[in-house]
Every structure is written in C-alpha cells, then in structure tokens.
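*Asks:*
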Amino acid sequence: ILNAVRSDNGSYVCKLNISGMEVVSDPILVQLEGLPHFIRQPEKMNVTKNSPFNLTCQAVGPPEPVEIYWFRNNVQLNKQPLISPSVLTVPGLNETALFSCEAHNSKGLTASNPGQVNVKG
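First residue of the sequence shown: 284, per the working numbering; consecutive thereafter.
#1: Go through the stretch 314-391 residue by residue and report every complete run of the beta strand (DSSP E) that reaches 3 residues or more, in order.
#2: How long is the line joining the alpha carbons of residue 284 and residue 328, rounded to whole angstroms?
#3: On the DSSP bridge assignment, give the partners of residue 299 in chain order.
#4: Going by the DSSP bridge assignment, what does residue 292 pair with across the sheet?
#5: CA-CA distance, residue 309 and residue 338?
#6: Is it the case that the stretch 360-373 contacts the stretch 285-304, given that we only count it when at least three CB pairs across the two stretches are under 8 Å?
#7: Beta-carbon within less than 6 Å of residue 388's beta-carbon, same chain only, minus the 5 sequence neighbours each way: which residues are those?
#8: Report buried or exposed for residue 399, applying the criterion of at least 16 other Cβ atoms within 10 angstroms of its Cβ.
#9: With H, G and I counted as helix, E and B as strand and the rest as coil, what does DSSP make of residue 394?
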C-alpha cells in the first residue's frame, strides 16, 4: 500500500491461482496509528442565562485510549484526563464563553475548534 492512510486499516490476504487452484495466504492486519481525530467537538450554541447545558467532545485513535482535556476561554478546566467520549456539564453562564477540548493519545494531541456559547436573557 503506497501512501497508506487510516482508511486502509483492515485485514488483507494474498490470493494466487496456481494451475487452476486458488491459494490464499493467512490474513495480515494493517492498523495505522496517528494523532486523535474528532468525531464531535464543541459547537456554537445559544443558552439561557444561568441555565445548565452539556457539551460533548469525542475523538478516536488509534492508538487508544484518547484522553480529553476541556478549556473555557483558553483556561484548562480538568487537571485529570477524561476518557473519550467526554461530556462537560456546565451549571450555567452569565456571559459568552469559548469552549474547546484537546484530545491526547500516545502519538500526541489534537486541539478542537472553539465553540462559542452565547448567553441569552
């Protein structure tokens, strides 16, 4: 496989046809590893002032596990990592804030896009 990408992950076999007889090799598993990539990340949303809401951050490897760190206005919220997927419950806001997360695995980290949470009322 030239220039392999994660979508090439899977099981492969080699098939030969020798004198009309098919010979199949044992399977080999290809699993590429890299930085985490996001399935879900904080998005722009509107909330009512001082009302609770949830944000979700989900990222996958391989390799696993993927650990999540949350940020509000670029300030880290959790000191201990949370395993992906992670739901952040915010008890309420009285002003607009930016939320983001970082996904870490043994290959490094990927930062999410920030999601702006606007406060109404």
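A virtual CB, placed ideally from N, CA and C, is assigned to each residue, including glycine.
*Replies:* For this structure:
#1: 320-323, 328-331, 336-343, 350-355, 369-373 and 380-388
#2: 42 Å
#3: 306
#4: Looking at the DSSP assignment, residue 292 forms no beta bridge with any residue, so it has no partner.
#5: Cα to Cα, residue 309 sits roughly 45 Å from residue 338.
#6: no
#7: Hits under 6 Å: 319, 344, 346 and 349.
#8: exposed
#9: strand
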